[in-house]
Amino acid sequence: MMASSGTGNGICMFYVFPPRSISPNPLLLIPQIQAQQLIDEINEKFHCGASIPAQVDMGVSLPFENDGTPLPQFLGRSTSLELKEKLERDIPPRRSRREDPKASLDAGDRSSAAFQIKMEAAFRALRRKPKASKPKKQRDQALKLQIGYRALKRLQCYLGLRGRIPRLSEQDSNDPVSLEEEGRAINAASFAAMKMMALLNVNEEAPFPFADEPIFISVDIESNEVAHSQIIEIGVSSLDTLDLIRLPPGKGGCNWMKKIKTRHFRISEYRHVRNQNFVIGCPDQFEFGDSEWISIKNAAAVLESCFRPPYLKNVPFHGAQAGGFDPQKFITSVEMSDDDEDGGVPLPTNYADTPAGPSDSRFTLVSAAVRRNVIFVGHDIASDIGYMRKLGCTIFKPSSSANAEGSTPVDRSPANDKPLFLDSLDTGLLFRILKRDMQPRALGKVLQDLDITAWNLHNAGNDAHYTMQALIGIAVKSRLEQDEFYSEDEEDSGEWDSDAAAAAIAAGGQAVRECDKRGSCEHGDTWRAVFERRVEAGMEKARDRVREEFEGWNEKLGFKGGWVFGEEDIDGGLPKGLCV
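The sequence shown begins at 1 in UniProt numbering and counts up one residue at a time.
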């Protein structure tokens with residue numbers, strides 16, 4: 001908080017960079033007058049006498065003067081937690097050491113010394129946390145990490161990189177005849193669990209079926225940086241798992257990334273808007289096709305059409321010039337493509353009635369209004385879904401499994417009783433699980449870590465496309481990392497001889513438990529090595545902090561015996577629907 005005045009729509013947010021010796025991260029600030037207004041409302045409602053500490057050494061109220069030290073920079077106005085987090089991620093990086101207050105000011109300058117003391121007090125205040133809320137916060141954090149850990153396993157199942165354990169349906173579980181098959185199902189699950197530990201060869205096709213054969217659809221929204229209610233760009237990308245049949249993922253998933261289709265919509269009413277203060281906007285630099293102009297009044301209908309058959313077929317949108325959007329016209333002209341050259345074959349009109357069969361009988365190109373299993377993808381999906389709801393989209397209703405632990409979504413399409421969204425995946429959370437990182441990372445940082453070259457970020461079409469690339473990269477990299485340690489030892493190479501497999505199958509449920517333990521080692525071994533590399537690269541005084549952090553991950557994810565591993569910890573469980 002800073003001593004200032006002035007209010008507007010929402011909370012005005014500012015930031016300032018402290019000296020590097022204090023923190024590499026910016027300090028987020030709000031005007032004191034707005035904080036006081038909120039406290040006054042709380043005092044009036046709850047009949048209490050809360051107040052803002054006035055002492056500067058408390059680090060809560062910080063005065064700023066034009067004395068040559070850095071001044072807070074306006075970031076934007078926030079009306080929700082999601083928007084606040086998005087603004088925080090959009091803070092531009094400190095570009096050079098010349099911007100460091102210690103580098104730009106004389107070390108003996110009184111103003112510089114006062115600024116340093118002020119920043120130290122502020123960051124001390126940030127580190128002070130109420131003890132009463134700490135246990136609940138830790139439980140919530142642990143639950144979120146467990147959800148992300150299982151989501152990563154489900155992603156691998158969707159992409160054929162991990163086997164899904166067979167489960168009895170609710171109807172079968174009440175059938176005595178089906179119950180007799182339960183033992184055999186457990187044995188099959190044991191074999192699948194062992195097989196999923198086999199080394200992945202990225203130059204061969206996916207070793208498992210694509211669970212549920214979904215189509216992934218990612219969305220990115222760009223808004224006016226000074227008026228966030230104005231949506232100026234929409235990007236939508238899709239990846240059809242049926243296009244990946246018989247197609248090896250390639251290094252880092254590069255072959256699969258070629259199967260991403262992307263559309264970029266620009267809002268004609270805001271064609272003059274270009275972000276340039278907090279992010280460098282580039283609405284006219286779409287890298288994956290031609291941008292399409294649409295009216296704001298048609299934007300919701302256009303966006304929703306991308307989530308229904310024929311999904312993302314790149315046909316021209318004709319409704320903007322005509323003044324009205326006709327969804328039927330939008331989907332009538334569907335041209336066949338050459339996607340079957342290196343994976344996949346055309347989808348017939350009777351696909352919905354075609355029984356499941358081997359890969360060579362499955363089809364990929366949607367030429368009819370065929371409903372598919374849709375998985376929503378985003379980088380911070382809560383923020384994008386919030387924008388789409390404000391835009392007027394009605395399809396983004398949470399499932400009954402919004403706690404991410406159920407299995408029966410209720411966001412159903414009026415056309416039939418099939419859920420519109422099979423599942424939802426957040427690349428931000430998945431990357432945190434992959435890297436064991438407690439802090440969320442911007443899309444650019446994620447792409448850099450995955451060795452994905454990205455051009456012209458903050459273009460909605462490009463960001464949607466790169467989000468899908470990140471999803472593929474995370475899935476492949478997470479699957480390969482577990483193989484690194486087994487490849488060094490023949491005993492743990494994942495190659496099971498027939499006698500060992502037969503013995504494991506005969507062991508039934510015990511084999512599942514043994515594979516559960518192996519799954520625990522899979523993550524423990526990988527991340528222990530990451531821990532060692534990170535500590536060796538850091539300063540010695542950080543060793544205890546890093547060890548405590550990684551032990552916390554082990555405890556939260558159950559690798560210290562916090563819970564008994566079950567089916568969901570092997571394959572991520574069944575789809576969860578739209579969870580935000």
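Idealized CB from N, CA, C, for every residue including glycine. Note that the coordinates shown come from a computational prediction; the quantities given were computed from them, not determined experimentally.
Query	Result
Using the three-state DSSP reduction, which class does residue 218 fall into: helix, strand or coil?	strand
With a Cβ-Cβ cutoff of 8 Å, do residue 578 and residue 421 count as a contact?	yes
Report all residues from its chain with a CB closer than 7 Å to the CB of residue 453; omit the five preceding and five following residues, and keep chain order.	none
For residue 152 and residue 252, what's the separation of their Cα atoms in angstroms?	16 Å
Does the structure place the segment 262–273 close enough to the segment 291–308 that three or more beta carbon pairs sit under 8 Å?	yes
Would the segment 438–449 and the segment 221–234 be scored as touching if the rule is three or more Cβ pairs under 8 Å?	no
When you compare only the Cα positions, how much space is there between residue 52 and residue 61?	7 Å
Rounding to the nearest angstrom, what Cα-Cα distance links residue 145 and residue 434 in this structure?	11 Å
For residue 240, does the count of other Cβ atoms within 10 angstroms reach 16, so buried, or fall short, so exposed?	buried
Can you tell me which of 18, 156, 257, 28 puts its alpha carbon nearest to the alpha carbon of residue 584?	Any question about residue 584 goes unanswered here, given that the chain covers just 1 to 580.
Relative to the C-alpha of residue 28, which candidate in 45, 55, 20, 75 has its C-alpha closest?	75
For residue 233 versus residue 278, is the C-beta distance shorter than 8 Å?	no
Could you check the C-alpha separation between residue 38 and residue 12 for me, to the nearest Å?	13 Å
Touch check for the segment 157–165 and the segment 78–96: three-plus C-beta pairs under 8 Å?	no
Note down the Cα distance separating residue 483 from residue 450, rounded to an integer number of angstroms.	17 Å
DSSP three-state label for residue 385, please.	helix
Pick from 120, 379, 236: whose alpha carbon is nearest that of residue 292?	236
How big is the Cα-Cα spacing for residue 322 and residue 458?	Since pLDDT at residue 322 reaches only 32, below the 50 mark, its modelled position is unreliable, and no value is offered.
Using a Cβ-Cβ cut-off of 6 Å (strictly less than) and excluding sequence neighbours within five positions of residue 377, which residues of its own chain qualify?	216, 218, 425, 471
From residue 125 to residue 478, what does the alpha carbon distance come to, in whole angstroms?	37 Å
Quick one: Cα of residue 389 to Cα of residue 209, how far?	34 Å
State yes or no: is the C-beta of residue 296 within less than 8 Å of the C-beta of residue 302?	no
Can the beta-carbon of residue 139 be found closer than 8 Å to that of residue 568?	no
Out of 49, 115, 40, 36, state which residue places its alpha-carbon closest to the alpha-carbon of residue 581.	With the chain covering only 1 through 580, there is no way to say anything about residue 581.
Three-state secondary structure (DSSP) at residue 211?	coil
For residue 203, which residues of its own chain have a beta-carbon under 6 Å away from its beta-carbon, when the five flanking residues on both sides are left out?	248
Which class does residue 67 belong to by DSSP, given the choice of helix, strand or coil?	coil
Of the choices 30, 120, 34, whose alpha-carbon is the least far from that of residue 57?	120
Quick one: what does DSSP say residue 509 is sitting in, helix, strand or coil?	Only weak support exists for where residue 509 lies, its pLDDT of 42 falling under 50; the coordinates are left without a value.
Nearest to residue 383 by alpha carbon, out of 238, 113, 220?	220
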